[in-house]
Ligand code: ASP
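Residue numbers (the working numbering): 6 to 444.
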């Protein structure tokens with residue numbers, strides 16, 4: 006049995022947090038590969054080391070003095086070294102970083118040092134081997150992730166090292182230059198390591214006990230989700246539910262490796278299991294609710310639209326040409342509505358409208374702005390009658406006007422469009438009907 010454990014920045018923000026992590030790893034001999042983030046925030050006012058590095062490098066790039074900023078970063082690591090009474094010193098590493106900053110080694114290199122240095126400390130603390138991610142994780146010349154080469158090199162390196170630390174967030178381009186994933190990318194590294202060593206489970210340790218049924222900023226103390234499928238997670242993540250980097254599910258998903266989201270500060274909590282499929286029913290009919298504000302609906306009307314072959318394609322061509330992707334497209338007999346992100350659409354608005362007129366000659370176009378989309382997601386919905394009915398009655402009782410409804414053909418989700426200002430009330434009403442008043 007092999008477990009890959011990834012720890013997020015808040016789990017490694019101080020010596021005290023490192024101790025918790027050490028205890029977690031030592032309590033299970035199967036936790037053989039460790040992927041650390043850079044030290045994160047110790048409290049709300051603190052700054053992540055990754056952001057400190059970006060800040061210091063911004064000065065270096067302009068040829069300004071960055072010694073104070075680099076020293077503050079060094080202090081963050083010294084606190085960990087001293088607190089854990091480690092023998093290792095990072096003095097030489099910081100000297101190298103200083104020189105490379107002066108030589109303008111680039112933002113990617115700068116940001117990656119947070120994970121690199123934390124990996125060195127973690128390996129020393131655990132007595133595990135250190136594997137520099139730049140030697141085992143690769144990007145192609147055009148910057149795209151190189152999955153084939155990474156799989157080959159990473160699995161070969163892991164075969165040689167029965168217990169190792171691989172820092173998260175970065176890899177290298179073909180010429181050896183460091184390149185990072187997008188922010189939060191250590192989750193991806195963890196997933197790649199799990200795939201490469203054919204792990205039995207990928208544990209992703211953070212500061213919450215898994216996914217919640219709804220956003221805790223909207224619902225007070227929401228219930229947590231015990232098991233969620235990859236597909237459900239995709240739907241919820243797309244609609245804004247955070248915790249895990251979106252790209253992190255792909256490598257393990259293909260291999261059928263489950264992800265277990267755990268809480269470093271509450272290690273006894275089971276957390277959330279993310280799995281390919283499960284017979285386990287979720288506790289409620291719905292697995293989760295998530296949503297986003299800031300959409301715009303373009304309503305297009307044309308008499309006898311239903312019998313005009315190619316009308317939909319011509320309308321969508323207008324969006325495609327302007328590089329706008331659409332979110333949903335409910336339609337009626339003589340109407341069709343296209344939902345898009347308002348921020349993307351706003352600046353291209355008139356060009357898109359002109360193109361729709363040119364290609365599709367509609368009778369009438371009308372715009373509605375400041376809309377929110379809410380996804381109610383659940384594998385249990387397929388087998389349950391009346392889910393949509395309950396949603397509507399809950400929303401009607403909460404005085405929320407429903408602008409749009411779209412049930413995906415997989416019956417995994419129901420998307421509801423409401424006004425931005427009704428967003429929170431709508432989520433509250435749906436949560437209450439499915440979770441608080443379970444019938
Ligand atoms: N440290 C990086 C960030 O702050 C990557 C990560 O934590 O996953 O985005």
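Cβ atoms here follow ideal geometry from the backbone N, Cα and C, with glycine treated the same way. From a predicted model like this one, the values you see are computed outputs, not experimental measurements.
Could you check if residue i is buried or exposed, using at least 16 other CB atoms within 10 Å of its CB as the buried criterion?
i	result
residue 427	buried
residue 394	exposed
residue 22	buried
residue 372	exposed
residue 269	buried
residue 301	buried
residue 215	buried
residue 338	exposed
residue 200	buried
residue 390	exposed
residue 190	buried
residue 314	exposed
residue 402	exposed
residue 13	buried
residue 258	buried
residue 110	buried
residue 93	exposed
residue 202	buried
residue 108	exposed
residue 221	exposed
residue 165	exposed
residue 67	exposed
residue 53	buried
residue 240	buried
residue 282	exposed
Look at residue i and residue j and say whether their C-beta atoms are less than 7 Å apart.
i	j	result
residue 10	residue 208	yes
residue 171	residue 294	no
residue 279	residue 264	yes
residue 115	residue 432	no
residue 325	residue 360	no
residue 365	residue 319	yes
residue 38	residue 169	yes
residue 464	residue 287	Summary: the structure shown does not reach residue 464, with the chain confined to residues 6 through 444, and so no result is reported for it.
residue 342	residue 311	no
residue 298	residue 368	no
residue 296	residue 230	no
residue 176	residue 135	no
residue 40	residue 195	yes
residue 45	residue 19	no
residue 78	residue 57	yes
residue 119	residue 55	yes
residue 59	residue 224	no
residue 387	residue 349	no
residue 183	residue 158	no
residue 167	residue 146	no
residue 74	residue 61	yes
residue 333	residue 411	yes
residue 8	residue 206	yes
residue 17	residue 82	no
residue 351	residue 399	no
residue 235	residue 254	yes
residue 192	residue 249	yes
Can you tell me the Cβ-Cβ gap for residue i and residue j, rounded? I've got them flagged as a contact below 8 Å.
i	j	result
residue 422	residue 376	5 Å
residue 439	residue 291	5 Å
residue 150	residue 42	The Cβ separation is near 18 Å, so there is no contact.
residue 430	residue 407	About 12 Å separates the two Cβ atoms, so there is no contact after all.
residue 370	residue 353	Not confirmed; about 14 Å, so no contact.
residue 126	residue 85	6 Å
residue 185	residue 113	5 Å
Comparing the CB of residue i with every heavy atom of ligand 1, is any distance shorter than 6 Å?
i	result
residue 11	no
residue 32	no
residue 43	yes
residue 292	no
residue 53	yes
residue 190	yes
residue 144	no
residue 174	yes
residue 2	What the structure shows of the chain is the stretch from 6 to 444, and residue 2 is not part of that stretch, so it cannot be assessed.
residue 14	yes
Can you confirm whether residue i, when its beta carbon is compared against all beta carbons of chain C, has any partner nearer than 7 Å?
i	result
residue 125	In the displayed structure, chain C is absent; only one protein chain is listed.
Could I get the ranges of all uninterrupted alpha helix (DSSP H) runs contained in the region 168-211, with 4 residues as the minimum, in chain order? Here the runs fully enclosed are 191-201.
Entirely within the region 392-441 and at least 3 residues each: give me those beta strand (DSSP E) ranges in chain order. Annotation note: the region 392-441 contains the following uninterrupted beta strand (DSSP E) runs of length 3 or greater, listed N- to C-terminal: 409-412, 418-424.
Could you pull out every unbroken beta strand (DSSP E) segment of at least 3 residues lying fully inside the region 210-268, listed in chain order? Those beta strand (DSSP E) runs which fall completely within the region 210-268 and span 3+ residues are 232-234, 264-268.
In chain order, which continuous runs of the alpha helix (DSSP H) of length 4 or greater are located wholly inside the region 32-72? Inside the region 32-72, DSSP marks whole alpha helix (DSSP H) runs of 4 or more residues at positions 54-66, from first to last along the chain.
Can you check the region 89-155 for any beta strand (DSSP E) of at least 3 residues that lies completely inside it and give the ranges in chain order? For the region 89-155, not a single whole beta strand (DSSP E) run of length 3 or above is found.
My parser needs the beta strand (DSSP E) runs of 3 or more residues fully inside the region 292-359; what are they? Segments of the beta strand (DSSP E) lying fully in the region 292-359: 293-306, 340-346.
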